[in-house]
Amino acid sequence: MSSPDPVIDANLAIALDALLAEHSVTRAAARLHTSP
Numbered sequence: 113m114s115s116p117d118p119v120i121d122a123n124l125a126i127a128l129d130a131l132l133a134e135h136s137v138t139r140a141a142a143r144l145h146t147s148p
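Numbering-wise (our numbering), the sequence shown opens with residue 113 and increments by one.
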């Protein structure tokens, strides 16, 4: 029995991209217009 293909949540990918770009949870949250 093979395992299912991994599923990537687009919202998590966007949040990770912002976090890696900003190097700060607070600035990443501001970039995404949400609270930290």
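Idealized CB from N, CA, C, for every residue including glycine.
Quiz item: If you draw a straight line from the C-alpha of HIS135 to the C-alpha of ALA122, how long is it?
Solution: Translated into the one-based positions of the sequence shown, residue 135 becomes position 23. Translated into the one-based positions of the sequence shown, residue 122 becomes position 10. Near 20 Å, if we compare the C-alpha coordinates of ALA122 and HIS135.
Quiz item: Which class does ASP117 belong to by DSSP, given the choice of helix, strand or coil?
Solution: Translated into positions along the sequence shown, residue 117 becomes position 5. ASP117 falls in the coil class under three-state DSSP.
Quiz prompt | Extent of the continuous alpha helix (DSSP H) to which LEU131 belongs | solution = As a working mapping, residue 131 is identified with position 19 in the sequence shown. Residues 122-134.
Quiz item: Helix, strand or coil: which one does DSSP assign to THR138?
Solution: For the purposes of this step, residue 138 is identified with residue 26 of the sequence shown, where counting begins at 1. Helix.
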